[in-house]
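Adding 1 to a residue's 1-based position in the sequence shown gives its number in my numbering. In this text, a Cβ means the ideal position worked out from N, Cα and C, and glycines have one as well. Here the structure is a predicted model, which is why all the values come from computation and not from measurement. Reading through the structure tokens given below for one structure.
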Amino acid sequence: MSVVVVPTLMPNARAPINASAPVGIFDSGLGGLSVLRAVRALLPHERLVYVADSLYAPYGERDDDFIVDRTMAIGEWLVAQGAKALVVACNTATAQSIALVRERLSIPLVGVEPGVKPAAAVSKTRVVGVLATAVTLRSARFQLLLERYAGDCRFICQPGHGLVQAVERCDTSSPELMALLEGYLAPMLEAGADTLVLGCTHYPFLDRAIREIAGERLQLVDTSVAIARQLDRLLETNALKNSSAAVESMPRFCSTADGESQRQLAASLLHLDASVEHVLIPSRRTRLAEPDIV
Ligand code: DGL
């Protein structure tokens, strides 16, 4: 793995925005790679910079202020790197901080939220399971989504404790993980759920494990393709779409941790053989705790 320490630029020291500038994609860790996969498929000419805040994942176990602090710091860092648009590819960060990020950053922004609306539209049994982090499930934004779109559907909401950590160590099939998932899915299946909302961007990497447990009984609702379409619309509206075929297609991968899991997951699940840069992104809550990397 190649590890490069990139100095943090001052938030205001940024290049002018134009269509050839990159799109920034950010997640607490590796989950946003499922969004990056959809963005690359739809917008192959866009340059992408991906930041995994793996040093501080999982966000789902953090307090609200910590999540807002990290999301703002990484958003500002990506703006300083010249990003023309930002995808907050993390349900937990979106739930806690999207309003503030939208207010403070001057670039177009896309957030992600659990697919309650599409799930309610497709469920035949009118029983839907939702797997998401505890922070997402207890957020006001998620409660509002349920109020608006659940309709006559019963939503069984299950915090996926331990699942983000498993994906972060590239575990998508161990017996321990299967047992954990089975414990989460069995009550949904027993209650007659026919649809499962993947309310965390890490979970699409567990689709095979979920299929193994639930077979065809659950249709999986993953919003990554819808997010890519929303980004497409936003770039179009802001005249920021890059239609040049000459753009190099390998994303720039960055991590606040050592990046090894990110390199492995990108290679095994996205078939992208890329190096990962180690980046330092200090923030109010972590400044004192940043490790020294020479
Ligand atoms: N991928 C993040 C999400 O969509 C995981 C959050 C976490 O780190 O707990 O919520």
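Alpha-carbon to alpha-carbon, residue j and residue i
i, j, result
"glycine 193", "leucine 199", "17 angstroms"
"aspartate 66", "glutamine 97", "8 angstroms"
"serine 269", "aspartate 172", "11 angstroms"
"isoleucine 26", "leucine 49", "7 angstroms"
"valine 280", "alanine 167", "23 angstroms"
"glutamate 213", "methionine 251", "32 angstroms"
"phenylalanine 254", "glutamine 159", "31 angstroms"
"glycine 260", "threonine 126", "42 angstroms"
"glutamine 265", "glutamate 169", "10 angstroms"
"valine 277", "serine 256", "7 angstroms"
"proline 283", "valine 80", "15 angstroms"
"arginine 285", "leucine 56", "15 angstroms"
"alanine 90", "glycine 112", "6 angstroms"
"glutamine 231", "arginine 38", "15 angstroms"
"alanine 180", "cysteine 154", "27 angstroms"
Backbone secondary structure at residue i - three-state DSSP
i, result
"isoleucine 26", "strand"
"serine 244", "coil"
"isoleucine 75", "helix"
"leucine 164", "helix"
"arginine 288", "helix"
"arginine 139", "helix"
"glycine 61", "helix"
"alanine 86", "strand"
"isoleucine 18", "coil"
"isoleucine 108", "coil"
"arginine 218", "coil"
"threonine 202", "coil"
"threonine 196", "strand"
"serine 262", "helix"
Element boundaries [beta strand (DSSP E), containing residue i]
i, result
"isoleucine 133", "In the sequence under discussion, the amino acid at residue 133 is alanine, which differs from the isoleucine named in the question. Residues 128–133."
"glutamate 278", "277–280"
"threonine 224", "Run containing threonine 224: none; DSSP gives neither H nor E here."
"leucine 1", "Shown here, the chain extends from 2 to 295; a query on residue 1 therefore has no answer."
"leucine 31", "That residue, leucine 31, is in no beta strand (DSSP E); it is neither H nor E in DSSP."
Burial state of residue i, where buried means 16 or more other Cβ atoms lie within 10 Å
i, result
"glutamate 217", "exposed"
"threonine 202", "buried"
"threonine 238", "exposed"
"methionine 2", "Unreliable placement is indicated for methionine 2, whose pLDDT of 34 sits below 50; no coordinate value is reported for it."
"lysine 242", "buried"
"glutamine 263", "buried"
"asparagine 19", "exposed"
"serine 124", "buried"
"arginine 234", "exposed"
"proline 188", "exposed"
"aspartate 274", "exposed"
"proline 23", "buried"
"glutamate 114", "buried"
"serine 245", "exposed"
"glutamate 47", "buried"
"arginine 288", "exposed"
"glycine 152", "exposed"
"serine 225", "buried"
Span of the alpha helix (DSSP H) around residue i
i, result
"valine 36", "34–43"
"proline 188", "176–191"
Proximity winner among the options, relative to residue i (alpha-carbon distances)
i, options, result
"arginine 142", "Ala94, Ile157 and Gln166", "Ala94"
"tyrosine 185", "Ser29, Val113 and His162", "His162"
"threonine 137", "Gln220, Pro205, Asp64 and Arg209", "Asp64"
"alanine 135", "Val280, Leu235, Asn92 and Leu190", "Asn92"
"isoleucine 228", "Pro23, Leu106 and Ser35", "Ser35"
"leucine 101", "Leu43, Asp70 and Met189", "Asp70"
"tyrosine 204", "Met73, Tyr57 and Val222", "Val222"
"leucine 182", "Ala215, Leu87 and Cys154", "Ala215"
"lysine 118", "Pro109, Leu147, Gly61 and Ala53", "Leu147"
"leucine 31", "Ala133, Val128 and Pro59", "Pro59"
**Request:** Could you please go through the chain and list the residues whose beta-carbon is closer than 6 angstroms to any non-hydrogen atom of ligand 3?
**Result:** Absent from the structure shown: ligand 3. Ligands present: ligand 1.
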